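Data first, discussion second: the structure below is written as structure tokens.
2 protein chains.
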Amino acid sequence: MKRTTLSLFVAALAGVAVFTVTTSHYVTAQEAAPIFVKKIPPGYRDWRVVSVAHEAGELNDIRAVLGNDIAFKAYREGKLTFPEGAIVGRIAWSYVPSEENNKTFGRDQSFVAGSPTDAYLQFMVKDSKKYAATGGWGYSSFGKDGKPTDETAMKTCFPCHQAVKERDFIFTRYTP
Amino acid sequence: MKRTTLSLFVAALAGVAVFTVTTSHYVTAQEAAPIFVKKIPPGYRDWRVVSVAHEAGELNDIRAVLGNDIAFKAYREGKLTFPEGAIVGRIAWSYVPSEENNKTFGRDQSFVAGSPTDAYLQFMVKDSKKYAATGGWGYSSFGKDGKPTDETAMKTCFPCHQAVKERDFIFTRYTP
Chain S
1 MKRTTLSLFV
11 AALAGVAVFT
21 VTTSHYVTAQ
31 EAAPIFVKKI
41 PPGYRDWRVV
51 SVAHEAGELN
61 DIRAVLGNDI
71 AFKAYREGKL
81 TFPEGAIVGR
91 IAWSYVPSEE
101 NNKTFGRDQS
111 FVAGSPTDAY
121 LQFMVKDSKK
131 YAATGGWGYS
141 SFGKDGKPTD
151 ETAMKTCFPC
161 HQAVKERDFI
171 FTRYTP
Chain D
1001 MKRTTLSLFV
1011 AALAGVAVFT
1021 VTTSHYVTAQ
1031 EAAPIFVKKI
1041 PPGYRDWRVV
1051 SVAHEAGELN
1061 DIRAVLGNDI
1071 AFKAYREGKL
1081 TFPEGAIVGR
1091 IAWSYVPSEE
1101 NNKTFGRDQS
1111 FVAGSPTDAY
1121 LQFMVKDSKK
1131 YAATGGWGYS
1141 SFGKDGKPTD
1151 ETAMKTCFPC
1161 HQAVKERDFI
1171 FTRYTP
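From first to last, the protein sequence lines stand for chains S and D. Just so you know, we're using our numbering here: the first sequence kicks off at 1 and counts up by one. Just so you know, we're using our numbering here: the second sequence kicks off at 1001 and counts up by one.
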């Protein structure tokens, strides 16, 4: 979820060697099972907000992380493992200064959400059986045109999310 | 909505002279009518997200702007005037670097929502009759303790929001 198209491609280029050595068994498993979600979950823009974040650097986005009802309930209850059917989504907009707000504030301080980024939408879909090869989550990423991200790049999602395996592979925490 | 406690107090201190001259009729009107909402709208944390933003400088927050069903529908339909009962809310969390995310990304780029700020919650409530003196909107602001912000500071809300009178006094735009 924290990777976007740009970083995915960078990772795909730079990290192939490490990736092959350390996670080759996952790659094999991934090749054998469906791990990527190719359809944008309907109604995601109506989901409740889990939290927000800003990724600087190459990504340069501002983002909202949302959860469908199942995911959001689990977040609120502080469940360590998300139930079947949970979907966590994130929308990434370009990070742009707001001249209008700055003028009102009288200083340059305001940054708002602009247009969709190249890695506009990403989702993790919990289905322990279907996505058993990748920790029970199916990963998906869609560009500003709504088209799914290339599968090669997508293979870096799961290895990256293993950093937070103890939180069921989800980086974002709920902020009340 | 774009002002928070800190900037409100700064404005209250620094801008009293200008404020008195340019908006004295509003101040008079404000004194005569109820313009401040003193209760946090129930269920606001379940509202849908209009957009997100980062305010740097003194505020140093990251924020989500939410709308109740009436406000959100108007936003989506691109209505220039919000209907009665519309409430636009914003939650401001402290803007903090995420060491965990940075470690995963391999570089310092990630900023996430931390704890509630001093101007944690703000709402604008549309009631054209009740809040006629302030453009049809009642303003409210609550600290991290859930207590309403001091009324003197609150008097700067409406003059500031007049900068976007043509958008029914609302700064934040909907980002799909």
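Using N, Cα and C, we set each Cβ at its ideal position, and we do this for glycine too. None of these values were measured; they are calculated from a predicted model.
Environment of residue i [buried if 16+ CB atoms lie within 10 Å]
i: E1055 (chain D); result: buried
i: T156 (chain S); result: buried
i: A119 (chain S); result: buried
i: T1028 (chain D); result: With a pLDDT of only 46 at T1028 (chain D), under the threshold of 50, the placement of this residue in the model should not be trusted; the figure read from the coordinates follows. So T1028 (chain D) counts as exposed.
i: R1107 (chain D); result: exposed
i: S1128 (chain D); result: exposed
i: A64 (chain S); result: buried
i: T152 (chain S); result: exposed
i: G1135 (chain D); result: buried
i: D43 (chain S); result: Checking the sequence, you will find Gly at residue 43 (chain S) rather than Asp. Counting Cβ neighbours within 10 Å, G43 (chain S) comes out exposed, since fewer than 16 surround it.
i: A1132 (chain D); result: exposed
i: D61 (chain S); result: buried
Min CB distance residue i to chain D below 8 Å
i: L59 (chain S); result: yes
i: R90 (chain S); result: no
i: C160 (chain S); result: yes
i: I62 (chain S); result: yes
i: Y46 (chain S); result: Before going further, note that residue 46 (chain S) is Asp rather than Tyr in the sequence given. Chain D, which has a Cβ nearer than 8 Å to the Cβ of D46 (chain S), makes this yes.
i: W93 (chain S); result: yes
i: A74 (chain S); result: no
i: T23 (chain S); result: Note that T23 (chain S) scores 42 on pLDDT, short of 50, meaning its location in the model is unreliable; the coordinates nonetheless yield the value given after this. It does not; no Cβ of chain D falls within 8 Å.
i: N101 (chain S); result: yes
i: S51 (chain S); result: yes
8 Å Cβ cutoff, residue i in contact with chain S
i: Y1026 (chain D); result: Unreliable positioning characterises Y1026 (chain D) in this predicted model, as indicated by a pLDDT of 48, which lies under 50. The coordinate reading is nonetheless provided below. So, not an interface residue.
i: E1055 (chain D); result: yes
i: T1134 (chain D); result: no
i: F1171 (chain D); result: yes
i: T1175 (chain D); result: yes
i: S1110 (chain D); result: yes
i: T1104 (chain D); result: yes
i: A1163 (chain D); result: yes
i: D1168 (chain D); result: no
i: C1157 (chain D); result: no
Closest residue to residue i among the options (Cα-Cα distance)
i: I1070 (chain D); options: D:R1048, D:A1053, D:T1134 and D:G1057; result: D:R1048
i: V1088 (chain D); options: D:S1140, D:I1062 and D:K1147; result: D:S1140
i: E166 (chain S); options: S:A153, S:K79 and S:G106; result: S:K79
i: D1150 (chain D); options: D:T1172, D:W1137, D:Y1174 and D:Q1122; result: D:Q1122
i: A1086 (chain D); options: D:W1093, D:R1076 and D:D1145; result: D:R1076
i: L59 (chain S); options: D:M1154, D:T1175 and D:Q1109; result: D:Q1109
i: K126 (chain S); options: S:F105, S:A74 and S:R63; result: S:A74
i: F36 (chain S); options: S:F169, S:Q162, S:F158 and S:T175; result: S:F158
i: K144 (chain S); options: S:D168, S:Q162, S:P116 and S:A132; result: S:P116
i: P97 (chain S); options: D:P1097, D:A1053 and D:P1041; result: D:A1053
i: F1142 (chain D); options: D:A1132, D:G1067, D:M1154 and D:P1176; result: D:M1154
i: F1169 (chain D); options: D:Y1044, D:V1050 and D:F1082; result: D:F1082
i: E1084 (chain D); options: D:G1114, D:I1091 and D:G1138; result: D:G1138
i: D1046 (chain D); options: S:K39, S:L66, S:C160 and S:V112; result: S:L66
i: N1102 (chain D); options: S:Y174, S:T175 and S:A163; result: S:A163
i: V50 (chain S); options: S:V112, S:I91, S:P41 and S:K39; result: S:I91
i: Y1174 (chain D); options: D:F1072, D:K1038 and D:N1068; result: D:F1072
i: K207 (chain S); options: S:G146, S:H161 and S:F171; result: Residue 207 (chain S) is absent from the structure shown; chain S starts at 1 and stops at 176.
i: F171 (chain S); options: D:P1148, D:F1111 and D:M1124; result: D:F1111
i: G1114 (chain D); options: D:E1099, D:T1104, D:S1094 and D:G1057; result: D:S1094
Strand pairing of residue i, partner residues [DSSP]
i: L1121 (chain D); result: D:I1091 and D:F1142
i: L66 (chain S); result: S:V49 and S:G89
i: K126 (chain S); result: S:W137
i: V96 (chain S); result: S:V112
i: F1036 (chain D); result: D:Y1139
i: E1055 (chain D); result: S:S110 and D:D1061
Closer than 9 Å, Cβ to any Cβ of chain D: which residues of the segment 112 to 124 of chain S, in chain order?
Cβ contacts with chain D: V112, A113, G114, S115 and P116.
Proximal residues, the segment 142 to 153 of chain S versus chain D, C-beta separation under 9 Å:
Only those residues of the segment 142 to 153 of chain S whose C-beta falls short of 9 Å from the nearest C-beta of chain D would be listed, and there are none.
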